[in-house]
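Please read the structure below before turning to the comments.
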Amino acid sequence: VAKRLEKFKTTIFTQMSTLALKHGAINLGQGFPNFDGPDFVKEAAIQAINDGKNQYARGHGVPELNSAIAARFLEDSGLVVDPEKEVTVTSGCTEAIAAAMLGLINPGDEVILFAPFYDSYEATLSMAGAKVKGITLRPPDFSLPLEELKAAVTSETRAILLNTPHNPTGKMFTREELETIARLCVENDVLVFSDEVYDKLAFEMDHVSIASLPGMYERTVTMNSLGKTFSLTGWKIGWAIAPPHLTWGIRQAHSYLTFATSTPMQYAAVAALRAPESYFRELKRDYSAKKEILVKGLKEVGFEVFPSSGTYFVVVDHTPFGLENDVAFCEYLIKEVGVVAIPTSVFYLNPEEGKRLVRFTFCKDEETLRSAVERMKLKL
Ligand code: GLN
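What the sequence shown shows, in full-length UniProt numbering, is residues 68 to 447, in sequence order.
Here it is in structure tokens:
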């Protein structure tokens, strides 16, 4: 393996899902729903295939999808963007992140990352040759350590990688926190890469796109996808919205990474993004019920459960159960209890910082969540 990927292991999600299958454990680890996406979107995909929309799509997206993404973004953030010049369709948000890094970051550029972070960020930054600086968000509330951030952002900083609602903690950056980040970025001429894939799973406060704050649109890449909002994580349809000068870099990288994204799925994505507001309300209502079952259950089991405002994840402190660290706890949980969670130490530059914490997901049907809680009550 190339040096740039030497230090990275098999992703924790692959490791844990493989163990889940091997031990017949209930998988509250990797974040994928165990229920299907909506029929109207699946039917639109079948229709597109039958209509012969099966050859390469235009590199930056089929025109209807670029327009649907711009319309959705206007609805959600109030920002008017040009679907032709400022929207790029990618193969999932993970590709959008990679295309943004590879298209806009030079080797040696410094990028700030909030730990814990989704694992692909660090690996992708390594592929881009970036110098990574971490700022740790700490329990119980994972709030932004303002002074640390102020000290970290300098004229050397090229970009900040933001994720709100935040995986794995469920933290949502408050408007005040986003304003602070924005001010530092404007003052120091820093870009923001903002991963907002959980924006429709915002339970405790409204989601704010940092691109909508003063002075920020011109320096922000906003990234999102279909997977979480439509329970279709296997479709891998994502996008990046950015002003033309940044979009150019993203599209150059995207052109040579994947060239284009699955054509029929892009047509289906158009149908998805035109869903009535009631769809998004129901999604949130369903997930609120699931969240309540899991959070209440985990507390009854005896975990310290940290508040999660958004995403379909919740982080707990496992130390009441006496295992030495997060990895040991997750192994015990799989083998002895039959439930899978994700150890968080892999989401930190310094793994020590994550050793008390594990992440559970509630993107599973209510029956599954209840069974997982029952198992833990019996055997932990
Ligand atoms: N985003 C999903 C999660 O955090 C997993 C994606 C993946 O498996 N790479 O669980």
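Note that beta-carbon positions come from the ideal geometry of N, C-alpha and C, so glycine has one too. Please read these numbers as outputs of a predicted model, since none were measured by experiment.
The count of Cβ pairs closer than 8 angstroms, one atom from the segment 373 to 382 and one from the segment 223 to 237, reaches three, so the stretches are in contact. Taking 8 angstroms as the cut-off, the C-beta of N234 counts as close to a heavy atom of the ligand GLN. By the CB criterion at 9 angstroms, G175 and A197 fall inside the cutoff. Not a single heavy atom of the ligand GLN lies less than 8 angstroms from the C-beta of Y188.
In this structure, L229 is the residue among A165, K152, L229 with its C-alpha nearest to the C-alpha of A182. Separation of the CB atoms of T224 and S261 is rounded to 16 angstroms, and the pair is thereby denied contact status at 8 angstroms. Judged by DSSP secondary structure, I360 falls within the alpha helix (DSSP H) whose first and last residues are 344 to 368. The C-beta of Q333 has 16 or more other C-beta atoms within 10 Å across all chains shown, which makes the residue buried.
V68 has its alpha-carbon roughly 15 angstroms from the corresponding atom of T78.
Using a Cβ distance threshold of 9 angstroms, V425 and E367 do not count as a contacting pair.
In the DSSP assignment, T191 falls outside any beta strand (DSSP E) and lies within the alpha helix (DSSP H) extending over 186 to 195. The beta carbon of G282 sits closer than 7 angstroms to those of A249, V253, all from its chain and outside the five residues before and after it, given in chain order. Spanning the alpha carbons of E349 and C430 requires a straight line of approximately 14 angstroms. Within 8 angstroms of the C-beta of G364 there is not a single heavy atom belonging to the ligand GLN. Taking 4 residues as the shortest admissible run, the segment 218 to 259 contains the following complete alpha helix (DSSP H) segments, listed from N- to C-terminal end: 242 to 255.
Note that the C-beta distance between S345 and I93 is not below 9 angstroms. A Cβ-Cβ separation of about 12 angstroms leaves L251 out of contact with I277 under the 8 angstroms criterion.
The DSSP-derived three-state label of N117 is helix. The continuous alpha helix (DSSP H) containing A137 extends over residues 130 to 144. For the options P100, N291, I179, the alpha carbon positioned closest to that of P232 is the one of N291. Beta-bridge pairing by DSSP links R205 to S210. The way I'd put it, the segment 162 to 170 does touch the segment 297 to 310; three or more beta-carbon pairs between them come closer than 8 angstroms. For the 9 angstroms CB-CB criterion, A195 and L169 form a contact. When the beta-carbon positions are compared, A135 and R341 come within less than 9 angstroms of each other. The segment 368 to 375 makes contact with the segment 387 to 400, as at least three CB pairs between them are under 8 angstroms.
DSSP places E433 inside the alpha helix (DSSP H), whose first and last residues are 433 to 446. Taking all protein chains shown into account, F427 has 16 or more neighbouring C-beta atoms within 10 Å of its C-beta and is therefore buried. Between the segment 263 to 279 and the segment 75 to 90 there are fewer than three C-beta pairs closer than 8 angstroms, too few to call the two in contact.
Looking at A338, S376, L365, A335, the one whose alpha-carbon comes closest to that of S355 is S376.
With contacts defined as CB atoms closer than 9 angstroms, K351 and K217 fail to qualify as a contacting pair. R426 sits in a strand when the DSSP states are folded into three classes. Apart from the 5 residues on each side of it in sequence, K444 sits with its Cβ closer than 6 angstroms to the Cβ of V368 in its chain, given in chain order.
The segment 401 to 408 and the segment 292 to 300 do not touch, with fewer than three beta-carbon pairs separated by less than 8 angstroms.
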